[in-house]
Amino acid sequence: MAQQMPTGSGESVDGAATALRVMVVDDHPIWREGVARDLAEDGFDVVATADGVSAAVRRAGAVAPDVVLMDMQLPDGTGAEATAGVLEVSPGSRVLVLSASEERDDVLQAVKAGASGYLVKSASQAELLEAVRATADGQAVFTPGLAGLILGEYRRISATPDRDDSRPTLTDRETEVLRLVAKGFSAKQIGTRLSLSHRTVENHVQATLRKLQLGNRVELTRYAIEQGLDE
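Residue numbers (full-length UniProt numbering): 1 to 231.
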């Protein structure tokens, strides 16, 4: 049986547990430091904090965090602008928006800029910590009320898609896994439903990403919805 990783941990090249590296971006110092403290107490390595777009981009380029917690309202720009800038200088990072705003435009702009998920600040500490871990694991994490908004937007976009009949053919198992990804199941849940190991599910996901030339699970979910696999 595979050993469960410690809370807030990732895995290094040699298999040793390493703390996930997180950067917190928010212009409110008390909130920013409070979130950073909660993360550190739970075993995360808070490698940087920033209070605006320019600082976020500069520090992300220097420390290359695994996950960036991003506010949407910043004094020198928007969280969407900061997200795009961070991912340009640190493409291996994943951005999880943590904002008080639940406005449709803010959510969609964040996702279009490359954010992997969007959590409102009313989320509990436990929900936040789990969301950071899930984001680092490549999952798309959204506050429940906002997930439907994203799915609805993807369906709208896919109503008149540019279909490519030459797209790669997926195996039956890859299609089965993709269908469950589109429905929001985690790799562990998919493994339980299909009687597969977590690693086997991840191998299918990675193979599908390569075949479809997609960058992450957010793009994979969008593809699945466009193909009607979430029905």
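In this text, a Cβ means the ideal position worked out from N, Cα and C, and glycines have one as well.
Ranking Leu98, Thr208 and Thr83 by CA distance to the CA of serine 54 puts Thr83 first. For a cut-off of 8 angstroms, the C-beta gap from threonine 135 to valine 181 is around 15 angstroms, too long to register as a contact. Our two residues, arginine 193 and glutamate 176, have alpha carbons roughly 11 angstroms apart in a direct line. By the C-beta density criterion, alanine 126 is exposed, having fewer than 16 other C-beta atoms within 10 angstroms. The C-beta distance from leucine 74 to valine 35 rounds to 15 angstroms, too long to fall under 8 angstroms, and the pair is not in contact.
Taking C-alpha positions only, glutamate 219 is separated from threonine 169 by approximately 17 angstroms. The segment 19-26 and the segment 36-52 touch, with no fewer than 3 CB-CB distances between them shorter than 8 angstroms.
According to DSSP, residue pairing for glutamine 139 in a beta bridge does not occur.
Secondary structure note for alanine 182: its alpha helix (DSSP H) is the uninterrupted segment 172-182. When secondary structure is reduced to three states using DSSP, serine 99 falls in the strand class. One thing to note: alanine 113 has its Cβ no nearer than 8 angstroms to the Cβ of serine 93.
Shown here, alanine 50 sits in a strand according to DSSP, grouped into three states. Judged by beta-carbon spacing, lysine 121 lies beyond the 8 angstroms limit of alanine 140, meaning their Cβ atoms are not closer than that value. For leucine 196, no alpha helix (DSSP H) encloses it, and the DSSP letter there is neither H nor E.
Excluding sequence positions up to five before and after threonine 143, its CB lies within less than 6 angstroms of the CB of Leu119 and Val120, all in the same chain and listed in chain order. By the neighbour-count criterion, in which 16 or more other beta carbons inside 10 Å mark a residue as buried, threonine 208 falls on the buried side.
Pairing glutamine 109 with alanine 80, the inter-Cα distance amounts to about 6 angstroms.
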